[in-house]
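Heads up, the thing below is written out as structure tokens.
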Amino acid sequence: MPDQARQPLGAQEDATAEGLTAGASEATPEPGAPHGLWTDAWHDLRRNPVFLVSALLILFLVLVALWPGLIATGDPNHCELIRSLEGPSAGHWFGFDTQGCDVYTRTVHGARASITVGVCATLGVALLGAVIGGLAGFYGGFWDAVLSRLGDIFFGIPMVLGAIVFLSMVSLGGIWPVVLIIAALGWPQIARIARGAVITAKQNDYVQAARALGASNTRMLLRHILPNAVAPVIVMATIMLGTFIALEATLSYLGVGLRPPTVSWGVDISAASDGMQFRNAPHILLYPAGALSITVLAFIMLGDAVRDALDPKLR
Amino acid sequence: MLLDVRDLRVEFRTREGVVRAVNGVSYSVAEGETLAVLGESGSGKSVTAQAVMGILDSPPARVTGGRVLFQGTDLLRLGEEDRRRVRGERMAMIFQDALSSLNPVLPVGYQLGEMFRVHRRASRKEARERAVELMDRVRIPAAGARAGDYPHQFSGGMRQRIMIAMALALEPELIIADEPTTALDVTVQAQVMDLLKDLQREFGMGLILITHDLGVVADVADKIAVMYAGRIVENAPVADLYKRPAHPYTRGLLDSIPRLDRKGRELRAISGLPPNLLRIPPGCPFHPRCPQVRDVCRVDPPPPLYEVTYAGRDAEAVRAAELMPDDPSALGRASACHFWKETVGE
Amino acid sequence: MGRYIVRRLLQMIPVFIGATLIIFLMVYALGDPVTALFGDRSPDPATARALRAEFNLDKPLWHQYLLYMGKIFTGDFGTAFNGQPVTDLMRHAFPISLRLAVVALVLEMLIGIALGVVTGLRRGRAVDTTVLVLTLVVIAIPTFVLGTTAQYFLGVKLGWIDPAVGPDAPFNQLLVPGLILCLVSLAYVTRLTRTSVVENARSDYIRTAVAKGLPRSRITVRHLLRNSLIPVVTYLGADIGTLMAGAIVTERIFNIQGVGYQLFQGILRQNSPTVVGFVVVLVLIFLIANLLVDLLYAVLDPRIRYA
């Protein structure tokens, strides 16, 4: 669902007295030196509580996704109907769902599917988008027109809409069709950003100079242009990652995303929302929805923080 | 005196610390007089001007001391509404980059007419007529037809004329021009400068011309204040300063530009960089770059403004100093160098 | 301007063809509508063959697509497998969804821009922080969770609203569904407006406006807002696509029988003509909306050249 213009735009830093601190210490980083940009960004990030909190959260979530057994030993598909909708109790902190499965175990194990979908879809989107957008921006002219139009075509299909149609037709189940369709429909947003960044980088004086000095295309792309285009792509991808996790849940809610017996937050939330199952047992909605929301939030905040740190304008 | 700035101090609170941009600046401008404020970027010349206009961004900026006497009234003590009425009506400012200083999405005629709409409660039609008149006055060709154009549709020189027209709109007593020609082509620079000078003469306004360009100053200004690290380091009538600079920094500036009367002499740049205002060096702030530096220059406090006298000094300047003994800027000449005598060559 | 519009319209053609072709292929190449029609029963071969012929399904895909697009331009969106013309469904569904979208867009614009301006002007204060945190929370919680809980609390528990919207879907019943539909976009509009206001407030021309001695209110409305809303307008255009897709979820929750509902039913029942027909119209609306926004953008920002 995220659109190009839909980059969450976060808190900006206080204006510094620009131009007043002119001096050796304020020497602007060497243009195009990614080293300077990233070093400065890291310096900022290390002291940014939003970044620290979201990064730690994501680290934790990734660990849980990799080894859910570490904190939840039970089997997420082990259910006893007799305990259906039982509330939280000692040993079963999150209570039981409609089927009598332990909500805690399912929430912990659900992290894997949700995060895998998010990470893989984002990787796909970022790779496709960066390559296509980068080539369009670098070569310009005819290829730019063709690739940009191709992007417009995929951009013209609203994501949820296209995903529902595709997933209802393939009806394979599992996470891969979901990943595939998100990547297929999501790449134009990254491509537009990458294209813009490459065109901007290309116009920089030092790139023009390198070209005048006879640097080869490959060398130009790798040494001078790529480092500049990478930052905005990474930022956008991080923010999109969060929204893709939410998208998986939405698709599961509509019955075309992941389906039982796959354990995912989306599956559990949709089971809880359906027909207002949560009416008498709010815990069956609260925990998976909470886990999902916190995860989405963590990625969006991480992206925001990285963007603020990388954007020299706000410095 | 039209404008009398006394011991003005401005700070910026930033994440890195307190930036001391202006540290006790005093200068004055009389009716019809032109004061040139000279200095490198970061010397505090623009910030002083913005403090005078009352358009500093605060936060982070804060005026921490001093007075801005405008026809005897301390503007710093006025309420925001009274202050607003002074701006545009009685003092106006011309900015360096007209492209970014004009609103990109409004026609220039509208932006000019706004002055009359707001300050004079003029009707829409009247405001438009006055705007065209103004554009005519700053010699924009086909003014009537171009009033509906947007800033980006004008050339740099024409845009700066519009800025000047905007400042002149209500015939203020004082105009502050912050590097009005820096962003322009050299050929256009002279035209714009001449226009400004003509209009100033016509209206009899006081003018503060902020610049880093000694060449511009010579034929326009009556007197010059040279700023360094938020302080005035030298004050002088314009001819005097060129003849006999009394501060090593001024001398450095003069030595770095080609001059007809010094043909054959080698040009020398001032070594080093302007100080970081977060950490202004103790003692004389110029000492790390000063070719005449001595031990006393390295210890605090910074040197005061010494009155500069030498044989053959302008008699008029001496009289001015006697009339206003407590105002260092009224002195015909002053230098913030312990060794001004050696510098001035006496 | 005229040439610009023509050029943009021409550019739209390949995009429209491409997008509809993709949808068409997804439906007709990946799925088998006739088999789906019979559900779990295996279809009688003769009937299946007759159906295939009737709906042109026996022809190659590219031929099917051409036939289909040809008919669309005569206003014939085909017949659903239950015999109802797709245009009939549309005639009922589109006005309802249009009302829902109008409610959502208006709420999104009014509330989002107002919040963005307030927070942008009071950067760093308590209002700002609170609203920013709220926008993040809204973005992070899936719409269907917010929707179902709102429906439960406001509709079932408190009885303030009708939990399900009636078949006529009058405006007053669409207020809460519209709000739920636009909530995420509203949060983004707030953040975008805020950033834009903050950025512009620092610009040189605002400093000039202050130096001109203009009153605060005039600076804010005539200079700051006028410029800050330009990116917001572009965003709202792209957002129409999000709203259309989001309507599938919202209409399902509140049982609103609009486009999203019909489309979803069509997908569930693999009613291919319905699905393709609705999606084609939605894609067209999306493209036109984006074109209109681009034109509006050029009007709002005179710096845009119609190149």
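Residue numbers (this note's numbering), protein chains in the order written: chain A, 64 to 378; chain B, 14 to 359; chain C, 967 to 1273. Glycine included, every Cβ here is placed at the ideal spot set by N, Cα and C.
Of all the residues that make up the segment 1101-1116 of chain C, which are near chain A by a beta-carbon distance shorter than 9 Å? Contact annotation: in the segment 1101-1116 of chain C, residues whose CB is within less than 9 Å of a CB in chain A are 1101, 1102, 1103, 1105, 1106, 1107, 1108, 1109, 1110, 1111, 1113, 1114 and 1115.
For residue 1184 (chain C), three-class secondary structure by DSSP: In the structure shown, the three-state DSSP call for residue 1184 (chain C) is helix.
Contact between the segment 357-366 of chain A and the segment 118-138 of chain A is defined here as three or more beta-carbon pairs at a separation below 8 Å; is this criterion met? The segment 357-366 of chain A is in contact with the segment 118-138 of chain A.
Using a Cβ cut-off of 7 Å (strictly closer), state whether residue 1123 (chain C) contacts chain B. Not one chain B Cβ lies under 7 Å of residue 1123 (chain C).
Return the Cβ separation of residue 232 (chain A) and residue 996 (chain C) in integer angstroms, given the expectation that the two are a contact with Cβ distance under 8 Å. Right, the Cβ-Cβ distance comes to about 4 Å (below 8 Å), so this counts as a contact.
Who are the neighbours of residue 266 (chain B) on chain C, taking C-beta pairs under 7 Å? The contacting residues do not exist; residue 266 (chain B) stays about 27 Å from chain C at best.
Cβ of residue 981 (chain C) within 7 Å of any chain A Cβ: It does; some Cβ of chain A falls within 7 Å.
Please report the straight-line C-alpha distance between residue 282 (chain B) and residue 228 (chain B), rounded to a whole angstrom. The alpha-carbon of residue 282 (chain B) is positioned some 16 Å away from that of residue 228 (chain B).
Quick one: does residue 355 (chain B) have its CB under 7 Å from some CB of chain C? So no, residue 355 (chain B) is outside the interface.
Expressed to the nearest angstrom, what Euclidean distance is found between the alpha-carbon atoms of residue 1256 (chain C) and residue 987 (chain C)? Rounded to whole angstroms, residue 1256 (chain C) to residue 987 (chain C) spans 20 Å at the Cα level.
Does residue 1180 (chain C) get closer than 7 Å to chain B when you measure Cβ to Cβ? So yes, residue 1180 (chain C) belongs to the interface.
Indicate the three-state DSSP secondary structure (helix, strand or coil) for residue 218 (chain A) in the structure shown. Of the three classes helix, strand and coil, the one that applies to residue 218 (chain A) here is helix, per DSSP.
Using a Cβ-Cβ cut-off of less than 8 Å, list which residues of the segment 211-224 of chain A approach chain C; keep chain order. So the close ones are 212, 213, 215, 216, 217, 219, 220, 221, 222, 223 and 224.
Flag this pair as yes or no: are the beta carbons of residue 47 (chain B) and residue 234 (chain B) separated by less than 7 Å? For the 7 Å CB-CB criterion, residue 47 (chain B) and residue 234 (chain B) form a contact.
Closer than 8 Å at the beta carbon, the chain C residues around residue 76 (chain B): Within 8 Å of the CB of residue 76 (chain B), no CB atom of chain C is found; the nearest one sits about 15 Å away.
7 Å Cβ cutoff, residue 338 (chain B) in contact with chain C: For residue 338 (chain B), the predicted model reports a pLDDT of 49, less than 50, meaning its position is unreliable; a value from the coordinates is still stated below. Answer no: the Cβ-Cβ gap between residue 338 (chain B) and chain C never drops below 7 Å.
Comparing alpha-carbon positions, which option in B:42, B:111 and B:296 lies nearest residue 192 (chain B)? The candidate whose alpha carbon is nearest that of residue 192 (chain B) is B:111.
Is there at least one Cβ from chain A nearer than 7 Å to residue 1067 (chain C)'s Cβ? Answer no: the Cβ-Cβ gap between residue 1067 (chain C) and chain A never drops below 7 Å.
With a CB to CB cut of under 6 Å and the five nearest residues on each side skipped, what residues in its chain are close to residue 1210 (chain C)? A distance below 6 Å between beta-carbons, with the five flanking residues on each side excluded, links residue 1210 (chain C) to the following residues of its chain, in chain order: 1248.
Expressed to the nearest angstrom, what Euclidean distance is found between the alpha-carbon atoms of residue 335 (chain A) and residue 347 (chain A)? Counting only the Cα atoms, residue 347 (chain A) lies some 6 Å from residue 335 (chain A).
Going straight from the alpha carbon of residue 284 (chain A) to that of residue 50 (chain B), what length do you get? Straight through space, the alpha carbons of residue 50 (chain B) and residue 284 (chain A) are spaced by roughly 47 Å.
Just the chain A side, please: which residues come within less than 8 Å of residue 1248 (chain C) by C-beta, in chain order? The answer, in chain order, is 221 and 224.
Along chain C, in chain order, which residues have C-beta atoms closer than 7 Å to that of residue 132 (chain B)? Residue 132 (chain B) reaches chain C at 1179, counting residues in chain order whose Cβ is nearer than 7 Å.
Please list, in chain order, all residues of the same chain as residue 383 (chain A) whose beta carbon is under 6 Å from its beta carbon, the five residues on each side excluded. Since the first residue shown for chain A is 64 and the last is 378, residue 383 (chain A) is missing from the structure and cannot be characterised.
Write down every uninterrupted run of the alpha helix (DSSP H) in the segment 141-208 of chain B whose length is 4 residues or greater and which is fully enclosed by it, in chain order. Fully enclosed alpha helix (DSSP H) runs of no fewer than 4 residues occupy 156-159 and 169-181 of the segment 141-208 of chain B, in order along the chain.
Buried or exposed (CB count within 10 angstroms, at least 16 for buried), residue 215 (chain A): With 16 or more other Cβ atoms inside 10 Å of its own Cβ, residue 215 (chain A) counts as buried.
Inter-residue Cα distance where the pair is residue 146 (chain B) and residue 124 (chain B): Whole-angstrom Cα-Cα distance: 14 Å.
Tell me whether residue 314 (chain B) sits in a helix, a strand or coil according to DSSP, three-state version. Of the three classes helix, strand and coil, the one that applies to residue 314 (chain B) here is coil, per DSSP.
So, is the C-beta of residue 163 (chain B) closer than 7 Å to a C-beta in chain C? For residue 163 (chain B), at least one C-beta of chain C is nearer than 7 Å to its own C-beta.
Span separating the alpha-carbon of residue 338 (chain B) from that of residue 14 (chain B): Low per-residue confidence applies at residue 338 (chain B): pLDDT is 49, beneath 50, and the placement is therefore not dependable enough to give any value.
Closest Cβ-Cβ distance between residue 970 (chain C) and chain B: below 7 Å? For residue 970 (chain C), the answer is no, since every Cβ of chain B falls outside 7 Å of its Cβ.
Going straight from the alpha carbon of residue 245 (chain B) to that of residue 39 (chain B), what length do you get? Computed Cα separation, rounded: 8 Å.
Residues of the segment 1196-1208 of chain C in Cβ contact with chain A at a cutoff of 8 Å, in chain order, please. Answer set for the segment 1196-1208 of chain C: 1197, 1200, 1201, 1204, 1205, 1207 and 1208.
Using a beta-carbon distance below 7 Å, is residue 1076 (chain C) in contact with chain A? Residue 1076 (chain C) does not count as touching chain A.
Taking C-alpha atoms, which residue in B:107, B:210 and B:152 lies nearest to residue 180 (chain B)? It is B:107.
Give the DSSP bridge partners of residue 31 (chain B), in chain order. Residue 31 (chain B) is bridged to B:26.
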